[in-house]
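2 protein chains.
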Amino acid sequence: MAPVPASHPQVAVTLVLLLSMLGLAAGGKVLVVPVDGSHWLSMREVLDSLKEKGHEVVVVAPEVSLYIKPSKSFVMKTYPIPFTQEELDRDFHEFTQDTLKEGSFLERFVRIYQRFEKNSALLLSTCEHLLYNKELMRYLEESKFDAVFTDPVIPCGPIVAEHLSVPSVYFLRGIPCGLDFEATQCPNPPSYVPRIFTEHTDHMSFLQRVKNLVFDVPNLFLCNFFFQPFSKLASEFLQRDMTVLDLLRKASVWLLRLDFVLDYPRPPVMPNMVLIGGISCTQEKPLSKEFEAIVNASGEHGIVVFSLGSMVSDIPMKKAREIADALGSVPQTVLWRYTGKVPSNLPQNVKLVKWLPQNDLLAHPKTRAFITHGGSHGVYEGICNAVPMVLMPLFGDQMDNAKRVESRGAGLTLNILEMTSEDMSNALKTVINDKKYKENIKRLSELHLDRPIHPLDLAVHWVEFVMRHKGAPHLRPAAHDLNWIQYHSLDVIAFLLAVVLLSLFISFKCCMFCCRRCCFKKGRTRKPAKSKSH
Amino acid sequence: MAPVPASHPQVAVTLVLLLSMLGLAAGGKVLVVPVDGSHWLSMREVLDSLKEKGHEVVVVAPEVSLYIKPSKSFVMKTYPIPFTQEELDRDFHEFTQDTLKEGSFLERFVRIYQRFEKNSALLLSTCEHLLYNKELMRYLEESKFDAVFTDPVIPCGPIVAEHLSVPSVYFLRGIPCGLDFEATQCPNPPSYVPRIFTEHTDHMSFLQRVKNLVFDVPNLFLCNFFFQPFSKLASEFLQRDMTVLDLLRKASVWLLRLDFVLDYPRPPVMPNMVLIGGISCTQEKPLSKEFEAIVNASGEHGIVVFSLGSMVSDIPMKKAREIADALGSVPQTVLWRYTGKVPSNLPQNVKLVKWLPQNDLLAHPKTRAFITHGGSHGVYEGICNAVPMVLMPLFGDQMDNAKRVESRGAGLTLNILEMTSEDMSNALKTVINDKKYKENIKRLSELHLDRPIHPLDLAVHWVEFVMRHKGAPHLRPAAHDLNWIQYHSLDVIAFLLAVVLLSLFISFKCCMFCCRRCCFKKGRTRKPAKSKSH
Numbered sequence: 001m002a003p004v005p006a007s008h009p010q011v012a013v014t015l016v017l018l019l020s021m022l023g024l025a026a027g028g029k030v031l032v033v034p035v036d037g038s039h040w041l042s043m044r045e046v047l048d049s050l051k052e053k054g055h056e057v058v059v060v061a062p063e064v065s066l067y068i069k070p071s072k073s074f075v076m077k078t079y080p081i082p083f084t085q086e087e088l089d090r091d092f093h094e095f096t097q098d099t100l101k102e103g104s105f106l107e108r109f110v111r112i113y114q115r116f117e118k119n120s121a122l123l124l125s126t127c128e129h130l131l132y133n134k135e136l137m138r139y140l141e142e143s144k145f146d147a148v149f150t151d152p153v154i155p156c157g158p159i160v161a162e163h164l165s166v167p168s169v170y171f172l173r174g175i176p177c178g179l180d181f182e183a184t185q186c187p188n189p190p191s192y193v194p195r196i197f198t199e200h201t202d203h204m205s206f207l208q209r210v211k212n213l214v215f216d217v218p219n220l221f222l223c224n225f226f227f228q229p230f231s232k233l234a235s236e237f238l239q240r241d242m243t244v245l246d247l248l249r250k251a252s253v254w255l256l257r258l259d260f261v262l263d264y265p266r267p268p269v270m271p272n273m274v275l276i277g278g279i280s281c282t283q284e285k286p287l288s289k290e291f292e293a294i295v296n297a298s299g300e301h302g303i304v305v306f307s308l309g310s311m312v313s314d315i316p317m318k319k320a321r322e323i324a325d326a327l328g329s330v331p332q333t334v335l336w337r338y339t340g341k342v343p344s345n346l347p348q349n350v351k352l353v354k355w356l357p358q359n360d361l362l363a364h365p366k367t368r369a370f371i372t373h374g375g376s377h378g379v380y381e382g383i384c385n386a387v388p389m390v391l392m393p394l395f396g397d398q399m400d401n402a403k404r405v406e407s408r409g410a411g412l413t414l415n416i417l418e419m420t421s422e423d424m425s426n427a428l429k430t431v432i433n434d435k436k437y438k439e440n441i442k443r444l445s446e447l448h449l450d451r452p453i454h455p456l457d458l459a460v461h462w463v464e465f466v467m468r469h470k471g472a473p474h475l476r477p478a479a480h481d482l483n484w485i486q487y488h489s490l491d492v493i494a495f496l497l498a499v500v501l502l503s504l505f506i507s508f509k510c511c512m513f514c515c516r517r518c519c520f521k522k523g524r525t526r527k528p529a530k531s532k533s534h
Numbered sequence: 001m002a003p004v005p006a007s008h009p010q011v012a013v014t015l016v017l018l019l020s021m022l023g024l025a026a027g028g029k030v031l032v033v034p035v036d037g038s039h040w041l042s043m044r045e046v047l048d049s050l051k052e053k054g055h056e057v058v059v060v061a062p063e064v065s066l067y068i069k070p071s072k073s074f075v076m077k078t079y080p081i082p083f084t085q086e087e088l089d090r091d092f093h094e095f096t097q098d099t100l101k102e103g104s105f106l107e108r109f110v111r112i113y114q115r116f117e118k119n120s121a122l123l124l125s126t127c128e129h130l131l132y133n134k135e136l137m138r139y140l141e142e143s144k145f146d147a148v149f150t151d152p153v154i155p156c157g158p159i160v161a162e163h164l165s166v167p168s169v170y171f172l173r174g175i176p177c178g179l180d181f182e183a184t185q186c187p188n189p190p191s192y193v194p195r196i197f198t199e200h201t202d203h204m205s206f207l208q209r210v211k212n213l214v215f216d217v218p219n220l221f222l223c224n225f226f227f228q229p230f231s232k233l234a235s236e237f238l239q240r241d242m243t244v245l246d247l248l249r250k251a252s253v254w255l256l257r258l259d260f261v262l263d264y265p266r267p268p269v270m271p272n273m274v275l276i277g278g279i280s281c282t283q284e285k286p287l288s289k290e291f292e293a294i295v296n297a298s299g300e301h302g303i304v305v306f307s308l309g310s311m312v313s314d315i316p317m318k319k320a321r322e323i324a325d326a327l328g329s330v331p332q333t334v335l336w337r338y339t340g341k342v343p344s345n346l347p348q349n350v351k352l353v354k355w356l357p358q359n360d361l362l363a364h365p366k367t368r369a370f371i372t373h374g375g376s377h378g379v380y381e382g383i384c385n386a387v388p389m390v391l392m393p394l395f396g397d398q399m400d401n402a403k404r405v406e407s408r409g410a411g412l413t414l415n416i417l418e419m420t421s422e423d424m425s426n427a428l429k430t431v432i433n434d435k436k437y438k439e440n441i442k443r444l445s446e447l448h449l450d451r452p453i454h455p456l457d458l459a460v461h462w463v464e465f466v467m468r469h470k471g472a473p474h475l476r477p478a479a480h481d482l483n484w485i486q487y488h489s490l491d492v493i494a495f496l497l498a499v500v501l502l503s504l505f506i507s508f509k510c511c512m513f514c515c516r517r518c519c520f521k522k523g524r525t526r527k528p529a530k531s532k533s534h
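Line by line, the protein sequences give chains A and B.
Residues 1 to 534 (the UniProt record's numbering) are what the first sequence spells out, left to right.
Residues 1 to 534 (the UniProt record's numbering) are what the second sequence spells out, left to right.
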């Protein structure tokens, strides 16, 4: 008998995990292909944790970007793109101004559509400049990464992962047209899973369910419209037919920034989906002296934190004056993140700041309310710190996020374009003074925070898992190997129907045959009798 | 403005969790309605942990049972049932003997069916004696429990939870007829989720998919056959119409003893499902001197652990002699859990023991193979400790478990009724000497153990969660409030179809009307012309 080496796997694996937790294990090598904007901000925290655990983190990013800047936590490899920082900043500024510009529905639709088209072209071109940068790609090929960590909303990372044949971990909130459901084989019944942009809850009336189903139709075109150019790019670059859906199906693990406290208990989570909603709400750091002084000076009334997110820090003057009026009507000190021209009617209780430590301020016991655009990071920070919200959604999933907070009685939603100064003042006073809002957000917060492991640790665990095991094929549902007909067992049902019908047909024919033989016999035996009688 | 009390929820909740982890927090009160047999064994470990965390645990069990015995970890409340311990033991012994008796398929089927019918009646009667025990029920009503922790395979616990209006946590491997899927609104496509008793993997051929679908049909009757008496009992006792399905839908959290390493990545996990497969594989304890001596004396060849589980410890003599012969053909020392008459041909290398510390022995580096009946606890302990297996399934989910291990190249399955001594010898030698088996089970083990939190801690967390928050309504999918037609959007589709058809009909009618008017006009303008010409 061949001797089997003595081993003790349970202890061994525990040891590896322990070592890796202490950051002593030989680190892995992870390539990060990020998406700029707020998407980058929470991803960065995972990179810091990965670095702390002893892994080598390499980030590839265009030379010109909004937020992706070098850090001690990672090696940054940049590639040139045909835009300057000024052009990007201007483009971005125009985007937020467009969003806040008033007008008829059609005007706004055309404006947003044109902007969307322009941005898509920019994102595609950026991806092309990464893939066809020979020097950088050679470096990536030679680097022997253990995993690619990427946000697939812009499917450039998945193309790189496929080219390098490295397993990938996705980090996202969702893909607006629902391609994430298709790519994970995750059922998504329109009867109780609200579609994006519908602002529905999970409990819908008949007409809402009709709207929900109808909203699925444009998704079919939207997915194609946005991802088709990337499919073309992938096929050209990889030199084989490859759609974005094909690429996304290959992900090892999907880290989804969802939590059922905010996002309705949607149906199912597939084996390779991990929910990490609330990842950006980490232990708060002490406030700087400047902010500490403002908060302490606020007295018994406390403060209100006001930020329209990382994307919008400047709004048209008319709107700014209205908002300033509203903010003047509450006794709280308002900390407003705002970089535009100071409105002339700015009340004494409002402090304008270029940047604010949002999570740390929300965590302060003196914070009474949070005025937010409803981005998922901000909303989760509001929930985590149990601060009632006034939501002024602007674009993307923000309308839906706002509706979700409102439907749970933890905040009020305003239409920033249509609201008056009085509307805002009333909303702010209500969420601060009506105890119901504080109670509801406190309950949500308790549910959200009562979890066996922090989402950040969970995210890091799964990136390390994929690095350690070269993917996670044991989490891949066999549904990926079935076509639509097979998945729904239509071929099996057709076969069984055919068998039943054939059996019936044969039984019928047999009966007929027997009857005929009987009749014929009778006929034959009767006939001679008849002929005899004649 | 009403002053809002200063609070710091993130720290507060963290503190509660921390205190609860240290067992210092004010404990909750949990009522346990267990199911006897192997189901009880892994549940008991959760109770030990709950007790350690400072909770009060009350177990209700019949006076006569196989394994449910008093312990320091819980208060035990018993109720009389009309069976003696001798009757129960005899009944149980007969059950295992029936299972191991040879015979034609029909004979075996009739035998098992009769046994099943008898056992069902016994379980129902036991439940009736709990529910109608006035003194015990009054005690339960007065005890003000925070949660009911129960195995719903015998739906007595869910009836008690409903009667007491206390949220419940379920602890189970699954319900054979698939009622767990229905009760959780969990999709369960027969195209890639293998049905119990089919022995399929998740990758099925066309004919296997046909068989898988066909196997769903008897499930409809089986569920009804087994659970109908409990539905009747529930309706009578609760004095309102109530089916077992209605009861199961109310569970707050389902703790499922599944892990995708063994159980194929089946489709979806609903928000209130938590996977805790491998819960019984905890840190091994040092072996007693007796076992340590046997293991050390085994030399370089090491040992083989052999147990047919908690339910079977005695087998017919003819089979025992065949097995003894097979065990004598390997150089390993075999530790066999066996309480029957000693076979006369027992080889020197086989040590018979009445009980063995299975997990601790499997964890020993000298263990080369594990001969098991394929019960889920044993299989997970084999995986956890990376020991290749020879599986001899007897009943229940054991055939499927065995097939799952075999399909992953980590063990070999034998039919205990049909196998010869040589078959068993060959299988045992193969899993020990063919390195492939050890490599495969080692890989499975590494994947299984690489998890962010131990399943036991996860189970305890969710029981505590339900106690702390009085249930988990935020995890309840809205699908529960839809009927079958609504869930599948059939009413919406019918409505949209009607709208489309009506629009087409109206358009058609309008066209016809216009055409007719045109024709009529033409006709009228032509007619007078005609009459004029006449």
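Positions of the beta carbon are idealized from the N, C-alpha and C atoms, including for glycine.
The structure displayed is predicted, hence computed values, not measured ones.
Nearest candidate by alpha-carbon position, reference residue i, set the options
i: P34/B; options: V57/B, G409/B, F149/B, G103/B; result: F149/B
i: A386/B; options: N415/B, E439/B, L50/B, D263/B; result: E439/B
i: H488/A; options: I196/B, P189/B, T96/B; result: P189/B
i: Q185/B; options: P271/B, K351/B, E128/B, K134/B; result: P271/B
i: A498/A; options: V210/B, T84/B, P167/B, I154/B; result: V210/B
i: P365/B; options: Y380/B, V305/B, I112/B, M392/B; result: V305/B
i: K101/B; options: I493/B, K318/B, F225/B, F197/B; result: K318/B
i: M392/A; options: E418/A, Y380/A, D246/A, S120/A; result: E418/A
Spatial distance of residue i from residue j (CA atoms)
i: A459/A; j: K144/A; result: 22 Å
i: P229/A; j: L106/A; result: 26 Å
i: R115/A; j: F95/A; result: 7 Å
i: E45/B; j: C384/B; result: 17 Å
i: M389/B; j: Y79/A; result: 53 Å
i: C514/A; j: L504/A; result: 15 Å
i: L31/A; j: V274/A; result: 20 Å
i: G409/B; j: M76/A; result: 43 Å
i: F171/B; j: S376/B; result: 14 Å
i: E381/B; j: T198/A; result: 48 Å
i: I159/B; j: N349/B; result: 51 Å
i: T430/B; j: E422/B; result: 12 Å
Residue(s) in a DSSP beta bridge with residue i
i: W254/B; result: Y170/B, M273/B
i: A147/B; result: V30/B
i: K351/B; result: L335/B
i: S307/A; result: T372/A
i: P62/A; result: Y79/A
i: F226/B; result: DSSP, once it has assigned bridges, lists no residue as partnering F226/B.
i: E56/A; result: K29/A
| Considering only residues of the region 364-427 of chain B, which uninterrupted beta strand (DSSP E) runs meet the minimum length of 3 residues and lie entirely inside it, listed in chain order? | 367-372, 389-391, 411-413
| request: Compile a chain-ordered list of the residues in the region 461-486 of chain B whose CB is closer than 7 Å to at least one CB of chain A. | output: H461, F465, R468, H469, H474, L475, R476, P477, A478, A479, D481, L482, Q486
| Which residue spans inside the region 442-478 of chain B form an unbroken alpha helix (DSSP H) run of at least 4? | 455-469
| request: Taking a Cβ distance cut-off of 7 Å, strictly less, list which residues of the region 182-194 of chain A are near chain E, in chain order. | output: As a matter of chain content, chain E is missing from the structure shown, whose protein chains are A and B.
| Of the residues that make up the region 287-309 of chain B, which ones have a beta carbon closer than 8 Å to any beta carbon in chain A? | E300, H301, G302
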